[in-house]
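Below you'll find the structure, written out as structure tokens, and then a few comments.
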Amino acid sequence: MMSQRTFSIVKPDAVRNGHTGAILAEIEKAGFKIVAIKKMSLSVEQAEGFYHVHAERPFFGELTKFMASGPIFPMVLEKDNAIADLRKVMGATNPANAEEGTIRKKFATSIGENAIHGSDAEDTAAFEIGYFFAGYELK
Ligand code: ATP
Ligand code: MG
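Numbers 1 to 139, taken from the UniProt record's numbering, label the letters of the sequence shown in order.
Listed below in structure tokens is the structure:
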């Protein structure tokens, strides 16, 4: 597959627990180029906009409050087959089900506080990149 971009976030639990550097190292080791990255905090309203596809899910309130609970590192990543490959490196949503060696197996605490986000498709990646980064930040 050709070079592709995906969007990822080091979530507040991983930043709080001091795992940002280790997670970035896993991502680079897996062959991703970091196209853009920044440190910031989300308001609950900004987290709701980001996760709008989950608005009807029972965990939406918990999820958006958690995402606004502390600093995060949103980033844009690039490699061949980036979207699917990042999902593999991340592991299952629930760390209890995540394969050995995956980021969530190593660094996530629970299904709610699971260390990292990764886009799940081309259209969501495009929306998520545009939600966090301006065109001039993406070289
Ligand atoms: P993400 O979108 O953050 O990369 P994902 O694609 O693996 O995670 P989704 O189904 O998109 O999983 O859910 C988004 C997020 O909502 C999950 O990462 C998790 O933090 C939270 N979540 C999902 N299911 C539950 C649940 N049953 N209880 C609590 N939180 C949940
Ligand atoms: Mg998802």
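Just so you know, even glycine gets a beta-carbon here, dropped at the ideal spot from N, CA and C.
Q. Going by the C-beta, is F59 closer than 6 Å to any heavy atom of ligand 1?
A. As a first step, residue 59 must be located in the sequence shown, where it is residue number 59. Correct: F59 has its Cβ closer than 6 Å to ligand 1.
Q: Measure the C-alpha to C-alpha separation of I79 and G61 and round it to an integer number of angstroms.
A: One-based indexing of the sequence shown puts residue 79 at position 79. One-based indexing of the sequence shown puts residue 61 at position 61. In the sequence as presented, Ile is not what sits at residue 79; that position holds Lys. Between K79 and G61, the C-alpha separation is close to 33 Å.
Q) Is it true that the CB of A36 sits closer than 7 Å to the CB of E137? A) By one-based count along the sequence shown, residue 137 stands at place 137. By one-based count along the sequence shown, residue 36 stands at place 36. Yes, the Cβ-Cβ distance between E137 and A36 is below 7 Å.
Q) If you draw a straight line from the alpha carbon of Q46 to that of N17, how long is it in whole angstroms? A) As a position in the sequence shown, residue 46 is number 46, starting the count at 1. As a position in the sequence shown, residue 17 is number 17, starting the count at 1. Computed Cα separation, rounded: 23 Å.
Q) Is there at least one non-hydrogen atom of ligand 1 closer than 6 Å to the beta-carbon of N97? A) Taking the first residue of the sequence shown as position 1, residue 97 is located at position 97. False, no ligand heavy atom lies under 6 Å from that Cβ.
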